[in-house]
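Colleague: No gaps in the numbering here: position 20 of the first sequence is 51 in my numbering, and each next residue is one more. Where a beta carbon is used, it is the ideal one built from N, C-alpha and C, also for glycine. Structure incoming, see below.
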Amino acid sequence: MTPPQGQDSLAPRPRAVYRKRHRLTHSNEFKAVYETKLKKPVGPIVVFALPNKLDHPRLGLSVGRRVGGAVTRNAVKRRLRDAFRRIAAKWPEKKAGLDLVIVVRPHETRSPASYQSMIESAIDRLTKHIEKLSDEPET
RNA sequence: CAGGUGGUGCGAGGCAGCCGCGGCCGCGACUCGUUGCGUCCGAGGAAAGUCCGAGCACGGCAGGACACGGUGGUGGGUAACACCCACCCGCCCGAUGAUUCGUUUCGCGUCUCGAGGGCGAGGGACAGUGCCGCAGAAAGCAAACCGCCGAUGGCGAUCCUCGGAUCGCACAGGUAAGGGUGAAAGGGUGCGGUAAGAGCGCACCGCCCGGCUGGUGACAGACGGGGCACGGCAAACCCCACCGCGUGCAAGAUCAAGCAGCUCUCUCCCGCUUCGGCGGGCUGGCCUGUCCGGUCAGCGUGAGAGCGGGUAGAUCGCUCGGGUUGUUCGAGAGGGCAACCCGUACCGCGUCGGCAACGGCGCGGGUAGAGAAAUGGCUGCCCAUGCCGACCACUCCGGUGGGAAGCGGGACAGAACUCGGCUUACCAGUGCCGCCCGAUAC
RNA sequence: CGGGGUGUAGCGCAGCUUGGUAGCGCGUCUCGUUCGGGACGAGAAGGUCGGAGGUUCAAAUCCUCUCACCCCGA
32 MTPPQGQDSL APRPRAVYRK RHRLTHSNEF KAVYETKLKK PVGPIVVFAL
82 PNKLDHPRLG LSVGRRVGGA VTRNAVKRRL RDAFRRIAAK WPEKKAGLDL
132 VIVVRPHETR SPASYQSMIE SAIDRLTKHI EKLSDEPET
C-alpha cells in the first residue's frame, strides 16, 4: 500500500538519488562485505559485493591516502557516488539488493561515465557468480 | 599614458539549463524515522603543516621550594604569544653598480637619466665546570722553536799606564721586533727609545674605570683617569631575570542493546521415600596439634525480577547570544512559533588619539556545521591564455602586424571544537588605493 | 584528528649522547686458488649523511623550517 498517488504521479520510477540509506555507514557492515571475499577488480577499482535483504543496493567507499590529497580523494568519491546513483536508479525492482564496497587504487581520475561502466561490468559478473553459488547447494 | 614600488580585495573564470548532495525551518505522508515538496544557507587565504599563544573540557592542586620545559637588546601593542610596531646595538653587501623583476646559455636586460639595501634566538664567559681536533715551541697560563741581543755577570784572547779597554764565545741571562702554524698567539698604526726589544714613553684609534649630560629605556655624547690586566664557544653544561600544572573535542557530558558480574525467588546432582525428609559423594570453614566424629556453607541446569559500572550504538558538545510583545501547549515550572528590538566575534567606511602596531567612538553589514564525513556531474555559450594557423593589410621582399575555424586549457588546495599569530604551497591571473620617476597635452 | 619515530655506500645497520677520522656485515669489481664454478685468501672502488637555512674556526652530530616513509591511540 504504497503511499498515495503522490509518489506515483510525481515519480513513476525511483528518482536517481543517493541518500543516507544507500550508504554503508558502520565498520561492521564493511567487515561483512569484505569477509564474503567476493571481489572483482576492474581497472583502478576493486568491487566487493554481498547480497542484502533490501530492495536497493548500498555503497561503501574506501579511498586510501595513496590515491592523492583530500581534493583528489573527494573528487574520486564524488564521481563514484554519481556513477552509483545512476546505476541504482536503473535497478530492477525484482532484483535483490547488493552491498558494494569499492576500493580505489592510485590512478588518474577518470570521468563519471567510465566509472559507471566499470562498476556495471563488475556488478554483472558478481551477480552471475552469486547466482551460481546459490544454485549449487540446492541442486 | 608608460614604468617602478608598497598596501589591499577577488580568485574550482562567468552565465544558463538538466540531474544531484548537506543543513535550519515550514507544510504533508506513512510502516514513526524515514520520505515528498518549498524558501533560505552551504569551504579557504592558506581550511594545510600542527610550530607557538588563548578560550573551552576533564583530572590534579593550601602555600612555598626543588626538578623539568620555554623565552631572552629596549619601549610599546595585545586576552596572550616565540607574533606585530617603533627604536637601539652589532655584522654583511653596495658607484668595480647593490636591492627589485625578467631570463634560454647566469652572460645580460630592468628599476637605473640610479642609492641605499640586507641579516641577527641580540642577557651573563672575573660564579663554577667543560671543550678549543689537525697543525704549531706554545691553545689559556702565560711560555719561548727558529730568532734578536748579550748592556750586566762569566770564560778566553790581545793590548796595557795593571785601574781598565777592545775583540771573541753564547755559559748565566735579557727580549718578543721578525719568521713559521692556526679560526684564534695576549691591543693596532706611527714616532721616539734600547745592547736587542717591549705601552718603556708619546700621538691617534680601540679597551677598561669614574662621575656628568641627554633619553621612559636599550643606549649615545663629550670629559677626566688607567698603559692595557680581561681569547672564543652558553643553538655545551650552567648562572640570572621572567613565564609555565597535566591531557586534549577520539577532551568530556547524558542515555544505553548484548555479554559478563552481584543480589533475591523458584527449579535443582545420585539412591531410597509414607514427599515431611533420610542416606551418599566432592570442596572449603569451624569444633582440634592429628585422626575419627559433628556442624555450617557451596555444588549442576533453566526461568524471572532487581542493582551498579559500562561496551556497541545514540544524543549533546557543535556552531552567535539575549530581551519585549502576541499567540499556542501546559496545573505549573517552562517550551514551540511569529514579529520587533538590543548586543556579540568578525568585516567595511568615516572620525579621533598614536611615528606605527593598535585602541576609542559613530554608521552600515553580519554568523557553513558534516559524521564512512555535504558544495558536485553533464551540456551549451561567452571570457583570459597557449598551439596551429585558412586569410587580410603593410613591405626596403628579409619580414612585420592582425586573424576565422580547430585543438589544448583556468594556481595551490577541502572546514572536522573555536579564535590570535607563525611557517609552507600557490601566489596562475586580475580589480582598487597610496607613493616615486618620466613623457605628452592643457 | 591526536601522539611518536626513522631517513647515513646497491641492501641491512652503527656513529649523533660529549661537534673535528664517516665505520661494520652482505653485495660489486680485480687478482690468487681450481680443469671450471662455489667456498676460501688478498686488494680495491663506492656515501650531496633526505632537502634548505642558521650557530660555530669547524655540523652526519646542535637549533629552526621543510619533504618522504613508518608505527601507535578509537
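Use the C-beta contact count for residue 119: other C-beta atoms within 10 angstroms, 16 or more gives buried, fewer gives exposed.
Modeller: Within the first sequence, numbered from 1, the residue matching residue 119 stands at position 88. By the neighbour-count rule (16 or more Cβ atoms within 10 Å), residue 119 is buried.
Colleague: Using three-state DSSP, classify residue 93 as helix, strand or coil.
Modeller: Looking up residue 93 in the first sequence gives position 62. Residue state, collapsed to three classes: strand.
Colleague: Using CA coordinates, which residue listed in 65, 134 and 122 is at the minimum distance from residue 85?
Modeller: Locating residue 85 in the first sequence gives position 54, counting from the first residue. The option with the nearest alpha carbon to residue 85 is 122.
Colleague: Across the stretch 70–86 and the stretch 124–142, are there enough close Cβ pairs to call them in contact, namely three or more that are closer than 8 Å?
Modeller: yes
Colleague: Would residue 88 be called buried (16 or more neighbouring beta carbons within 10 Å of its own) or exposed?
Modeller: Sequence index remark: in the first sequence, residue 88 carries index 57 (1-based). Counting every other CB atom within 10 Å of its CB across the protein chains shown gives residue 88 a total of 16 or more, marking it as buried.
Colleague: If you drop the 5 nearest sequence neighbours on each side, which residues of the same chain put their C-beta closer than 6 Å to that of residue 36?
Modeller: The residue given as residue 36 occupies position 5 in the first sequence. Below a pLDDT of 50, predicted positions are generally treated as unreliable, and residue 36, at 29, falls in that range; the measurement from the model is reported next regardless. Correct list: empty, nothing qualifies.
Colleague: I'd like to confirm the pairing. Which residues does DSSP put opposite residue 54 in its beta bridges?
Modeller: Here residue 54 is taken as the residue at index 23 of the first sequence, counted from 1. Looking at the DSSP assignment, residue 54 forms a beta bridge with 90.
Colleague: For residue 91 versus residue 60, is the C-beta spacing smaller than 8 Å?
Modeller: Looking up residue 91 in the first sequence gives position 60. Looking up residue 60 in the first sequence gives position 29. Cβ atoms of residue 91 and residue 60: closer than 8 Å.
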